[in-house]
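Residue numbers (our numbering): 7 to 149.
Structure (structure tokens):
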């Protein structure tokens, strides 16, 4: 089992699938139906797939590095930072479904802001993923 989970390909697929599952779960909970979640995914699929594949690739590269050496200076921090960015990017897509709750909290301005900049936030998350991938490739070549 440990050998299976130490495979870069396995970890990349698991991470990519997990991020998509997290997105669909959040969307289903926030919108109330899986159909609404699927509709939103269909509207933004290029961003969602890019984020998910980028995150999976990063996870695979990090796993490969971790298998090579015990500790990579900065590699883990980059991975954790981009994990947060990818997750926040996907959550930003769900933000417009928070309109039912945020006004109660007095935060309706936040929802409008997230909706307005939804694609920009996703593009920043994708760019962050790309920078993390390039950094991990750099570390691979350095070792």
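Cβ atoms here follow ideal geometry from the backbone N, Cα and C, with glycine treated the same way.
Subject >> Where residue 29 falls: helix, strand or coil (DSSP) >> reply: Against the chain shown, residue 29 aligns to sequence position 23. In this structure, residue 29 counts as helix in the three-state DSSP scheme.
Original post:
Using the C-alpha atoms, what's the distance from residue 32 back to residue 68?
Top reply: Here residue 68 refers to the residue found at position 62 when the chain shown is read from its first residue. Here residue 32 refers to the residue found at position 26 when the chain shown is read from its first residue. In a straight line, the C-alpha of residue 68 is about 26 Å away from that of residue 32.
Original post:
By how many angstroms is the C-alpha of residue 125 removed from the C-alpha of residue 119?
Top reply: Taking the chain shown and counting its residues from 1, one reaches residue 119 at position 113. Taking the chain shown and counting its residues from 1, one reaches residue 125 at position 119. Each residue's alpha carbon lies about 12 Å from the other.
Original post:
Are the beta-carbon atoms of residue 62 and residue 18 separated by less than 8 Å?
Top reply: As a working note, residue 62 is residue 56 in the chain shown. As a working note, residue 18 is residue 12 in the chain shown. Yes, the Cβ-Cβ distance between residue 62 and residue 18 is below 8 Å.
**OP:** Could you check if residue 131 is buried or exposed, using at least 16 other CB atoms within 10 Å of its CB as the buried criterion?
**Re:** Locating residue 131 in the chain shown gives position 125, where the first residue counts as 1. By the neighbour-count rule (16 or more Cβ atoms within 10 Å), residue 131 is buried.
**OP:** Identify which residue in 9, 58, 14 has its Cα closest to the Cα of residue 24.
**Re:** Residue mapping note: residue 24 aligns to position 18 of the chain shown, counting from 1. Comparing Cα positions, the closest option is 58.
Subject >> Three-state secondary structure assigned by DSSP to residue 13 >> reply: As a working mapping, residue 13 is identified with position 7 in the chain shown. Residue state, collapsed to three classes: coil.
Original post:
Are residue 26 and residue 71 closer than 8 Å when you measure CB to CB?
Top reply: Your numbering for residue 26 matches position 20 in the chain shown. Your numbering for residue 71 matches position 65 in the chain shown. The answer is no: Cβ separation not under 8 Å.
Subject >> Straight-line Cα distance separating residue 28 from residue 41 >> reply: The sequence position of residue 41 within the chain shown is 35, counting from 1. The sequence position of residue 28 within the chain shown is 22, counting from 1. Rounded to whole angstroms, residue 41 to residue 28 spans 16 Å at the Cα level.
Subject >> Other residues of its chain near residue 22: CB distance less than 7 Å, five sequence neighbours each side excluded >> reply: Translated into positions along the chain shown, residue 22 becomes position 16. Once the five neighbours on either side are set aside, the close Cβ partners of residue 22 are 58, 59, 61, 62.
Original post:
Do residue 149 and residue 74 have their CB atoms nearer than 8 Å?
Top reply: As a working note, residue 149 is residue 143 in the chain shown. As a working note, residue 74 is residue 68 in the chain shown. Yes, these two residues count as a Cβ contact at 8 Å.
Subject >> Close Cβ partners of residue 56 (< 7 Å) along its chain, the five nearest in sequence each way excluded >> reply: Working through the chain shown from its first residue, we reach residue 56 at position 50. The residues are 132.
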